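The structure appears right after this line, and notes come after that.
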Amino acid sequence: MRARRTILGAMASHHVFLLSPASCHGKRARMLLREGAASDLALRLRNGGAPLADVFSFLSALYFRGKIAYARTFASPPAGAPGIGVITSSRGFVDPDCVLTTLDLEEFARTDIGMDSPAYLDALSASARALADAVGPDTRVVLLGSIATAKYVDPLRDVFGRRLVFPIEFVGRGDMSRGGLMLRCVEDRRELAYVPVDNVPRHGARPPKLAPRLGPRARNGG
Numbered sequence: 010m011r012a013r014r015t016i017l018g019a020m021a022s023h024h025v026f027l028l029s030p031a032s033c034h035g036k037r038a039r040m041l042l043r044e045g046a047a048s049d050l051a052l053r054l055r056n057g058g059a060p061l062a063d064v065f066s067f068l069s070a071l072y073f074r075g076k077i078a079y080a081r082t083f084a085s086p087p088a089g090a091p092g093i094g095v096i097t098s099s100r101g102f103v104d105p106d107c108v109l110t111t112l113d114l115e116e117f118a119r120t121d122i123g124m125d126s127p128a129y130l131d132a133l134s135a136s137a138r139a140l141a142d143a144v145g146p147d148t149r150v151v152l153l154g155s156i157a158t159a160k161y162v163d164p165l166r167d168v169f170g171r172r173l174v175f176p177i178e179f180v181g182r183g184d185m186s187r188g189g190l191m192l193r194c195v196e197d198r199r200e201l202a203y204v205p206v207d208n209v210p211r212h213g214a215r216p217p218k219l220a221p222r223l224g225p226r227a228r229n230g231g
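Right, dumping it as structure tokens:
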């Protein structure tokens, strides 16, 4: 049975997802780039590369794992268009299955993400225009990322207008809570409700914590 798709009470025939990036500056990035790093992922990065989704899932842990699992489950692009784009600091949107090497990760780390970073803004705007052409005027673009600052919202809204939407249940939640929420939605086959970013408060009251879920053994009386 196909998962339910709800967008502010209306059904959209198509929608695609844009995922905010993982930080390439922090401790976990340095673990991968450290000379002599011997983890499986570090070795893969140095010897042929690893998919961006794997790398960013390591860097961002639960939050990115939730975003990529959710987007892979619920993306509904028009024929011939990508269903998922991951925002990067220097290349605009990148396919989550794109293979990265240590050189790519170092490039991402060198470029700042912000409204005062021309390299970031130029690449993001170019990718947004290309995606707009690929998906057409009737496809909604769902941002799985923060709207608390302008760095994602303003450049994307300039291209997509009110087609740029955001999960209303994200408001007030931190990154870990959002990641956990999306993984639960994947498990339940329940898609979140989306609203245009202009209709969403940049900062909202914190919702109740997600209630703990029983593991398989507990549910089965084990």
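For the sequence shown, our numbering begins at 10 and goes up steadily by one. C-beta atoms are modelled at their ideal positions from N, C-alpha and C, and glycine is treated no differently. The structure presented is a predicted model; accordingly, all values stated were derived computationally and were not measured.
- Just measuring C-alpha positions, the residue of Arg138, Pro176, Ala62 sitting nearest proline 105 is Ala62.
- Note that the C-beta distance between leucine 140 and leucine 41 is not below 8 Å.
- DSSP places arginine 199 in the uninterrupted beta strand (DSSP E) bounded by 199-205.
- With a threshold of 16 other beta carbon atoms within 10 Å, methionine 185 falls short and is exposed.
- With respect to the C-alpha of leucine 71, the residue from Arg187, Asp197, Glu196, Val204 having the closest C-alpha is Arg187.
- In the assembly as shown, methionine 191 is a buried residue. Its beta-carbon has 16 or more other beta-carbons within 10 Å.
- Between proline 205 and leucine 173, the CB-CB gap stays under 8 Å.
- Taking a C-beta distance under 8 Å as the contact criterion, leucine 133 and tyrosine 79 do not qualify as a contact pair.
- For isoleucine 156, the three-state secondary structure derived from DSSP is coil.
- Here leucine 54 really is in contact with leucine 109; their C-beta atoms are around 7 Å apart, less than 8 Å.
- Between valine 195 and phenylalanine 169, the gap from beta carbon to beta carbon reaches 8 Å or more.
- About 7 Å separates the beta carbon of valine 209 from that of isoleucine 177, a gap short enough to meet the 8 Å contact definition.
- Judged by beta-carbon spacing, threonine 120 lies within the 8 Å limit of serine 99, meaning their Cβ atoms are closer than that value.
- Secondary structure note for phenylalanine 179: it is in no alpha helix (DSSP H), with a DSSP letter that is neither H nor E.
- Distance between aspartate 163 and proline 87, taken at the CA atoms: about 25 Å.
- Using a Cβ distance threshold of 8 Å, serine 29 and serine 155 count as a contacting pair.
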